[in-house]
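In what follows, a structure is listed as structure tokens, so that the remarks can point back to it.
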Amino acid sequence: MIFYLSVIAAAVPAALAWGPDGHAVVAQLSQERIKDETQEAIDAIMGEGVPMYNYSSWADDIKYGPDGYKWRWSSPLHFADTPDCRFRYSRDCKHDRCVAGALKNYSRRVVDESLPLEQRQEALKFIVHFVGDAHQPLHAGNPRDLGGNKIDVDLGFARHQHTNLHSTWDSALLFEFQGRGRRARGEPYWTITEKA
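Numbered by mature numbering (1 follows the signal peptide of the UniProt record, and there is no 0), the letters in the sequence shown go through residues -17 to -1, 1 to 179 in order.
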């Protein structure tokens, strides 16, 4: 099953954004491309018919939610920082504390049937989220600019807002593509990728 779950990562085309909607896009596109056998394994863990986009932002939701302090330990797992744009696992992912290490760890946990179902569900939620993070270019970069958060951007679109490069990539590009500048709360529009 580890092989089949890793197919999720391989099946993901690069998305345009990685805020909640970008993660939903990555999850939806992944789910459309996985084998039936893999979907059955996912259904056994998460429940039949639960779309992956429902929990694709879970790892961010808990990290920034009211109990976020309990999840601070997971912050480095969202990134693979490298000083020279050449990822070296031994240097850039010490003690498996990066997105690649997280995917390795949670891929083992999700198939470990000796673990309680709740822990396997948590592992799958992390996998789905971290696959999205791994495909966000600013989640694999120079640590000095904090994944683009220290790079100011004045957008000539998105209502001419002043923001940073990471936020631009995470959400402003998708908002602009949608044509609204900002997303209407709760509106599921990740299906617009079919138009692209």
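All residues carry an ideal CB built from backbone N, CA and C; glycine is no exception.
Thinking C-beta only, is residue j closer than 7 Å to residue i?
| i | j | result |
| --- | --- | --- |
| Val82 | Ala106 | no |
| Asn147 | Asn125 | no |
| Trp54 | Lys46 | yes |
Span of the beta strand (DSSP E) holding residue i?
| i | result |
| --- | --- |
| Asn147 | 145 to 147 |
| Val136 | 135 to 137 |
Under the assumption that residue i contacts residue j (Cβ atoms under 8 Å), give the Cβ distance between them as a whole number of angstroms.
| i | j | result |
| --- | --- | --- |
| Asn88 | Asp79 | 6 Å |
| Asp153 | Gly5 | 7 Å |
| residue 237 | His61 | The displayed coordinates of the chain run from -17 to 179. Any statement about residue 237 would go beyond what the structure contains. |
Could you give the first and the last residue of the continuous alpha helix (DSSP H) run that contains residue i?
| i | result |
| --- | --- |
| Asp116 | 100 to 117 |
| Asp19 | 19 to 29 |
| Leu121 | Note, Leu121: premise wrong, no alpha helix (DSSP H); not H, not E. |
| Asn132 | Careful: Asn132 lies outside any alpha helix (DSSP H) and carries neither H nor E. |
| Val82 | 82 to 93 |
| Gly5 | 3 to 16 |
What residue from the options has the CA that sits closest to residue i's CA?
| i | options | result |
| --- | --- | --- |
| Pro59 | Pro99, Ala42, Glu23 | Ala42 |
| Tyr72 | Arg103, Tyr47, Ser40, Ala123 | Ala123 |
| Pro120 | Ile17, Tyr47, Ser150 | Ser150 |
| Cys68 | Gln14, Gly130, Ala24 | Gly130 |
| Tyr38 | Arg91, His145, Asp19, Gly2 | Gly2 |
Using 6 Å as the cut-off, classify the Cβ of residue i as near or not near the heavy atoms of the ligand GDP, replying yes or no.
| i | result |
| --- | --- |
| Pro99 | Of the ligands one can find in the structure shown there are none, so the ligand GDP has no counterpart to examine. |
Quick check: the region 3 to 13 against the region 110 to 130, are at least 3 beta-carbon pairs closer than 8 Å? yes
Could you tell me whether the region 125 to 137 touches the region 28 to 44, using the rule of 3 or more Cβ pairs below 8 Å? no
With contact counted as at least three CB pairs below 8 Å, one residue from each stretch, are the region 88 to 98 and the region 32 to 52 in contact? no
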